[in-house]
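A.B. asks: Before I ask anything, here is the structure I am working with.
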Amino acid sequence: MSAPIIANSVSREDGAGYVLVRLAGEVDLSWSQDVRRAVLAAFGGGEAVGVELSAVGYIDSSGIAALVEGLQQARASGRRFALVAPSDAVRAVLELARLDRVFAIVADIDALLAPA
Amino acid sequence: MTATRQRIALAPAALPRAREADALAFLAELSRSLAVSIDLRETLARAITRVREFLDVEGIALFLLDAATQVLECKVSAGPVDVSGLRLAVGQGIVGRAVAEDATQLVTDAASDTRVWRAADETTGFVTRSIVCAPLRTAAGPIGAIEIVNRRDGLPFTAADAELLDLVAAPAALAINNARMAGALLEQQRLKREFDLARHLQKSLLPRRRRDGFPVIGVNRPAHEISGDFYDYFELADGRIGFVVGDISGKGLDAALLMVRAASLLRWAGKDGLAPAAWLARANDEVCETARDGRFVCALVGYVDRAATRVQFAGAGFPPVVVHRDGRYGEYVAGGPPLGILRGIDFEQHDLLLDGGTFYAFSDGATDVRDADGKPIGLAGMRALIARHVRETPQARLRGLLGELKRLRLVDDTTLLLIEAAQAERPELLLARTLPARAEAMRELRAALRASFDEHGIEPQLRDRLVLAVDEACTNIIRHGYGPQCEGAIALRVLRSEAMLAIELVDDAPPVDPATIKPGALGECRCGGLGVALIDEVMDEWRIEPADDGRGNRLVLRKRIPSWACEEADET
Numbered sequence: 074m075s076a077p078i079i080a081n082s083v084s085r086e087d088g089a090g091y092v093l094v095r096l097a098g099e100v101d102l103s104w105s106q107d108v109r110r111a112v113l114a115a116f117g118g119g120e121a122v123g124v125e126l127s128a129v130g131y132i133d134s135s136g137i138a139a140l141v142e143g144l145q146q147a148r149a150s151g152r153r154f155a156l157v158a159p160s161d162a163v164r165a166v167l168e169l170a171r172l173d174r175v176f177a178i179v180a181d182i183d184a185l186l187a188p189a
Numbered sequence: 108m109t110a111t112r113q114r115i116a117l118a119p120a121a122l123p124r125a126r127e128a129d130a131l132a133f134l135a136e137l138s139r140s141l142a143v144s145i146d147l148r149e150t151l152a153r154a155i156t157r158v159r160e161f162l163d164v165e166g167i168a169l170f171l172l173d174a175a176t177q178v179l180e181c182k183v184s185a186g187p188v189d190v191s192g193l194r195l196a197v198g199q200g201i202v203g204r205a206v207a208e209d210a211t212q213l214v215t216d217a218a219s220d221t222r223v224w225r226a227a228d229e230t231t232g233f234v235t236r237s238i239v240c241a242p243l244r245t246a247a248g249p250i251g252a253i254e255i256v257n258r259r260d261g262l263p264f265t266a267a268d269a270e271l272l273d274l275v276a277a278p279a280a281l282a283i284n285n286a287r288m289a290g291a292l293l294e295q296q297r298l299k300r301e302f303d304l305a306r307h308l309q310k311s312l313l314p315r316r317r318r319d320g321f322p323v324i325g326v327n328r329p330a331h332e333i334s335g336d337f338y339d340y341f342e343l344a345d346g347r348i349g350f351v352v353g354d355i356s357g358k359g360l361d362a363a364l365l366m367v368r369a370a371s372l373l374r375w376a377g378k379d380g381l382a383p384a385a386w387l388a389r390a391n392d393e394v395c396e397t398a399r400d401g402r403f404v405c406a407l408v409g410y411v412d413r414a415a416t417r418v419q420f421a422g423a424g425f426p427p428v429v430v431h432r433d434g435r436y437g438e439y440v441a442g443g444p445p446l447g448i449l450r451g452i453d454f455e456q457h458d459l460l461l462d463g464g465t466f467y468a469f470s471d472g473a474t475d476v477r478d479a480d481g482k483p484i485g486l487a488g489m490r491a492l493i494a495r496h497v498r499e500t501p502q503a504r505l506r507g508l509l510g511e512l513k514r515l516r517l518v519d520d521t522t523l524l525l526i527e528a529a530q531a532e533r534p535e536l537l538l539a540r541t542l543p544a545r546a547e548a549m550r551e552l553r554a555a556l557r558a559s560f561d562e563h564g565i566e567p568q569l570r571d572r573l574v575l576a577v578d579e580a581c582t583n584i585i586r587h588g589y590g591p592q593c594e595g596a597i598a599l600r601v602l603r604s605e606a607m608l609a610i611e612l613v614d615d616a617p618p619v620d621p622a623t624i625k626p627g628a629l630g631e632c633r634c635g636g637l638g639v640a641l642i643d644e645v646m647d648e649w650r651i652e653p654a655d656d657g658r659g660n661r662l663v664l665r666k667r668i669p670s671w672a673c674e675e676a677d678e679t
């Protein structure tokens with residue numbers, strides 16, 4: 074594999090009217106619980122939540138499950154939730170799981186905030 | 108165009124004679140007709156007649172340059188004297204000079220101009236007074252020239268006339284150039300079709316791979332479009348198997364055709380079960396009758412019984428045979444000159460007990476492959492390659508040998524034939540790993556799987572899906588098999604049999620009841636069961652059973668790999 078090895082990381086950006094959770098690396102069982110906690114914690118404010126996935130080279134079903142929980146949380150609390158700029162690897166797994174139409178997918182955070 | 112001509116006739120001395128607007132309209136029309144031309148010669152003939160009328164000149168001629176001989180030949184002309192077929196050297200006369208200098212020539216008074224080549228007038232009686240000649244320009248230099256002779260109004264040509272002819276020359280040059288390129292393309296396509304046909308014909312001559320415990324297999328890789336090499340095997344009524352490997356001298360289509368003839372001849376000569384030496388002698392006499400131009404055929408022929416215990420063979424100009432048994436190598440020089448050189452020759456014959464060993468015959472394309480120092484690898488190189496692949500199944504070994512030869516750069520057609528007692532089909536082991544049953548071990552495993560799948564030619568999208576499926580299977584074992592506290596290991600093996608990929612995961616966790624493993628529906632917004640659903644989606648099948656020693660579980664995932672299926676079909 075010639076693809077660069079990206080360290081696993083999760084970070085949070087609190088912006089005006091939104092919280093963006095940034096993920097990087099390979100999301101798998103070894104830390105998907107951290108991802109789940111970070112995604113759910115982002116719903117702390119009354120804001121829109123985005124999960125930025127452009128630097129995610131791999132995601133397994135436990136990582137997808139964390140995103141699904143985020144979506145369920147958003148529906149329950151009437152807030153906006155979207156996947157932001159998912160990488161090809163993430164898109165491929167979403168398509169395989171037939172979840173590519175279940176999630177809102179946006180190119181950047183501005184698109185999440187734009188009125189529908 | 109009649110209207111234009113009348114207008115010109117009404118004002119013969121007016122300059123410019125053709126008004127700019129008329130000239131542009133004429134040029135546009137001319138360009139269009141040249142651009143859509145199918146029969147260029149006819150279109151050019153019509154075009155120069157129209158140019159002659161439009162410019163109101165007595166004679167017009169179009170010359171094309173033969174790039175090889177540098178001779179200009181008049182292809183079409185119109186006027187009182189037909190000069191088509193006239194040939195000039197580059198530099199000769201006004202036409203030759205226009206091409207040599209790639210510049211339009213204007214001759215106002217032909218009688219006093221030293222550039223003019225007068226021989227034409229002297230033989231025809233035509234009087235040339237004034238000439239303009241424009242080169243047919245292309246990016247690669249002039250490809251000819253267009254020449255006009257004598258204004259009908261009797262006046263000498265002017266710079267305006269020269270400019271106008273220059274404008275006419277541009278679309279003509281473009282049309283001719285396009286037609287030539289289209290012609291070259293058609294010729295290339297025709298050749299390619301012929302080569303494709305020859306290649307298919309050749310491939311259809313190679314025997315189909317037999318899987319029912321057949322001891323002989325072969326592979327053939329042409330270095331170029333078509334091969335001069337071939338192999339064949341067939342069963343005799345007494346149960347023996349006849350085999351042939353051949354190599355035609357020379358390359359290209361006629362070598363390929365001789366190959367087709369030699370292949371059928373050798374099969375025909377071997378069908379009677381003649382001893383290999385007599386078989387070759389018979390084929391030799393036949394090839395002598397038909398081979399021409401010093402072409403000859405190197406061949407190895409023989410018989411083997413189905414259990415591959417005894418091989419009888421004879422060679423004609425063929426590289427030595429290598430026999431490998433228990434780490435020891437024997438070489439057998441198959442004596443005798445190539446077929447097609449001298450009639451009535453005797454060939455040497457070998458009879459050897461294979462006794463669990465393997466018989467390798469390869470055309471010189473294999474031994475001529477160069478190593479890093481540029482030296483042919485020879486038989487020693489082939490032995491080293493064989494040693495590297497000795498554990499693999501015969502089919503995988505041949506594929507491995509050919510792969511290594513290709514990496515070293517094949518320069519010649521290469522054929523390998525292998526004889527070995529058939530084993531029950533052993534799957535080929537692509538990767539084996541034992542990993543701790545911890546989620547932290549997965550990233551490294553995924554990298555190893557990706558590398559292995561890449562190495563074995565699985566395309567990226569399928570590779571990533573397979574990696575996902577194996578990861579999901581492992582994480583299920585970690586989560587549900589071993590549970591949170593339990594420390595254990597997972598033994599992974601990636602196997603290939605023909606086009607089928609099998610991934611085997613063995614754990615020593617408590618036995619799992621397969622009925623309890625259920626996939627969730629895909630596309631469903633729930634968290635559970637997605638892993639199993641993804642495995643179902645990616646793999647053709649999977650099953651879980653108690654491991655061999657009764658402790659733990661053995662999970663096997665299977666997937667047919669389309670690119671492997673193509674490979675197998677390739678090897679016939």
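Line by line, the protein sequences are chains F and E. All letters in the first sequence, in the order written, are residues 74 to 189 by the working numbering. All letters in the second sequence, in the order written, are residues 108 to 679 by the working numbering. Built from N, CA and C at the ideal position, the CB exists for glycine as well.
1) Check Asp181 (chain F) in the structure and name its three-state DSSP category.
2) Bridge partners of Thr623 (chain E), per DSSP?
3) Reducing DSSP to helix, strand and coil, say where Ile584 (chain E) ends up.
4) Within 10 angstroms of the Cβ of Ser82 (chain F), are there 16 or more other Cβ atoms? Answer buried if so, exposed if not.
5) Rounding to the nearest angstrom, what Cα-Cα distance links Ala554 (chain E) and Val141 (chain F) in this structure?
6) Whole angstroms is fine: what's the gap from Glu70 (chain E)'s alpha carbon to Val639 (chain E)'s?
7) How would you list, in chain order, the residues of chain F whose beta-carbon sits under 8 Å from the beta-carbon of Gly638 (chain E)?
8) Could I get the ranges of all uninterrupted beta strand (DSSP E) runs contained in the stretch 515 to 580 of chain E, with 3 residues as the minimum, in chain order?
9) When every heavy atom of the ligand FMN is checked, does at least one fall within less than 8 Å of the C-beta of Ser105 (chain F)?
10) Using a 10 Å radius around the Cβ and a threshold of 16 neighbouring Cβ atoms, would you call Ala120 (chain E) buried or exposed?
11) Under 9 Å Cβ-Cβ, which residues of chain F neighbour Met549 (chain E)?
12) Suppose contacts are defined by Cβ-Cβ distances below 9 Å. Is Glu86 (chain F) in contact with Leu96 (chain F) by that definition?
13) What residues of chain E sit near Ala165 (chain F), judged by a beta carbon separation below 8 Å?
14) Look at the Cβ atom of Arg650 (chain E), then the Cβ atom of Pro621 (chain E), and state whether they are nearer than 9 Å.
15) What number of angstroms, rounded off, separates the C-alpha of Ala385 (chain E) from the C-alpha of Asp433 (chain E)?
16) Check whether the Cβ atoms of Leu172 (chain E) and Cys181 (chain E) lie closer than 9 Å to each other.
17) I'd like to know whether the C-beta of Met74 (chain F) is nearer than 9 Å to at least one C-beta of chain E.
18) Strictly under 9 Å for the Cβ-Cβ distance: is Ala138 (chain F) near chain E by that measure?
19) From the beta carbon of Val619 (chain E), is the nearest beta carbon of chain F less than 9 Å away?
20) For Leu575 (chain E), go through chain F and note every residue whose CB falls closer than 7 Å to its CB, in chain order.
21) So Val428 (chain E) and Phe454 (chain E) are in contact, right, with Cβ under 8 Å, and what is the actual spacing, rounded?
22) DSSP state of Asn680 (chain E), grouped into three classes?
23) Gly510 (chain E) to Ala180 (chain F), Cα distance in whole Å?
24) DSSP state of Pro278 (chain E), grouped into three classes?
25) My output table needs one value for Asp480 (chain E): the three-state DSSP class, helix, strand or coil.
26) Which chain E residues are close to Ala155 (chain F), counting only those with a beta carbon under 8 Å from its beta carbon?
27) Does Val166 (chain F) come out as helix, strand or coil in the three-state DSSP assignment?
28) Suppose the cutoff is 6 Å on Cβ atoms and the five residues either side in sequence are ignored; what does the same chain contact list for Ala90 (chain E) look like?
29) Shorter than 9 Å from the beta carbon of Arg665 (chain E) to some beta carbon of chain F?
30) What is the C-beta distance between Ala69 (chain E) and Gly437 (chain E), in whole angstroms, given that I count them as a contact (C-beta under 8 Å)?
31) Starting from the C-beta of Thr680 (chain E), find all residues in its chain whose C-beta is less than 7 Å away, skip the five residues before and the five after it, and write them out in chain order.
C.D. replies: According to the data block:
1) For the purposes of this step, residue 181 (chain F) is taken as the residue at position 108 of the first sequence. Collapsing the DSSP output to three states places Asp181 (chain F) in coil.
2) Walking along the second sequence from the start, residue 623 (chain E) turns up at place 516. In the DSSP secondary-structure assignment, Thr623 (chain E) is not bridged to any residue.
3) Mapped onto the second sequence, residue 584 (chain E) falls at position 477. Here Ile584 (chain E) sits in helix by DSSP.
4) Here residue 82 (chain F) refers to the residue found at position 9 when the first sequence is read from its first residue. With fewer than 16 Cβ atoms within 10 Å of its Cβ, Ser82 (chain F) is classed as exposed.
5) Taking the first residue of the second sequence as position 1, residue 554 (chain E) is located at position 447. Taking the first residue of the first sequence as position 1, residue 141 (chain F) is located at position 68. Near 26 Å, if we compare the C-alpha coordinates of Val141 (chain F) and Ala554 (chain E).
6) Outside the displayed span of chain E (108 to 679) sits residue 70 (chain E), for which this structure offers no information.
7) In the second sequence, counting from the first residue as 1, residue 638 (chain E) sits at position 531. The answer, in chain order, is Asp133, Ser134, Ser135.
8) Runs found: 521 to 526, 535 to 543.
9) This structure lacks the ligand FMN, and indeed carries no ligand of any kind.
10) Within the second sequence, residue 120 (chain E) is the residue found at index 13, counting from 1. Confidence at Ala120 (chain E) is low in this model, with a pLDDT of 40, below 50, so the placement of that residue is unreliable and no value is reported for it.
11) Taking the second sequence and counting its residues from 1, one reaches residue 549 (chain E) at position 442. Here the neighbours are Glu99, Asp101, Leu102, Ser103, Asp133.
12) Within the first sequence, residue 86 (chain F) is the residue found at index 13, counting from 1. Within the first sequence, residue 96 (chain F) is the residue found at index 23, counting from 1. No. Outside cutoff.
13) Residue numbering aside, residue 165 (chain F) sits at position 92 when the first sequence is read from its first letter. In chain order: Gln568, Asp571, Arg572.
14) For the purposes of this step, residue 650 (chain E) is taken as residue 543 along the second sequence, with counting starting at 1. For the purposes of this step, residue 621 (chain E) is taken as residue 514 along the second sequence, with counting starting at 1. Contact: yes.
15) As a working note, residue 385 (chain E) is residue 278 in the second sequence. As a working note, residue 433 (chain E) is residue 326 in the second sequence. Computed Cα separation, rounded: 32 Å.
16) The residue given as residue 172 (chain E) occupies position 65 in the second sequence. The residue given as residue 181 (chain E) occupies position 74 in the second sequence. Not in contact: Leu172 (chain E) and Cys181 (chain E) (Cβ atoms no closer than 9 Å).
17) As a position in the first sequence, residue 74 (chain F) is number 1, starting the count at 1. For Met74 (chain F), the pLDDT reaches just 42, beneath the cut-off of 50, and the residue's location in the model is therefore unreliable, although a value from the coordinates is still provided. Judged by the 9 Å Cβ criterion, Met74 (chain F) is in contact with chain E.
18) Stepping through the first sequence from its first residue, residue 138 (chain F) is reached at position 65. So yes, Ala138 (chain F) belongs to the interface.
19) The residue labelled residue 619 (chain E) in the question sits at position 512 within the second sequence. By this cut-off, Val619 (chain E) is not an interface position.
20) Here residue 575 (chain E) corresponds to residue number 468 of the second sequence, with the count starting at 1. Simply Asp133, Val166.
21) Residue 428 (chain E) sits at position 321 when you count from the first residue of the second sequence. Residue 454 (chain E) sits at position 347 when you count from the first residue of the second sequence. Not a contact, Cβ separation roughly 14 Å.
22) Absent from the structure is residue 680 (chain E), since the part of chain E shown begins at 108 and ends at 679.
23) Walking along the second sequence from the start, residue 510 (chain E) turns up at place 403. Walking along the first sequence from the start, residue 180 (chain F) turns up at place 107. Going by C-alpha positions, Gly510 (chain E) is about 44 Å away from Ala180 (chain F).
24) Locating residue 278 (chain E) in the second sequence gives position 171, where the first residue counts as 1. It is helical.
25) By one-based count along the second sequence, residue 480 (chain E) stands at place 373. Correct three-state label for Asp480 (chain E): coil.
26) Within the first sequence, the letter at position 82 stands for residue 155 (chain F). What Ala155 (chain F) touches in chain E: nothing, since even the nearest Cβ is about 15 Å away.
27) As a working note, residue 166 (chain F) is residue 93 in the first sequence. Secondary structure at Val166 (chain F): helix, using DSSP grouped into helix, strand and coil.
28) Nothing in the structure corresponds to residue 90 (chain E), since chain E is present only between 108 and 679.
29) Numbered from 1 along the second sequence, position 558 holds the residue referred to as residue 665 (chain E). With 9 Å as the cut-off, Arg665 (chain E) does not count as an interface residue toward chain F.
30) This structure does not reach residue 69 (chain E), given that chain E is present from 108 up to 679, and the question cannot be answered.
31) Residue numbering for chain E in the displayed model covers 108 to 679; residue 680 (chain E) lies beyond these limits and cannot be assessed.
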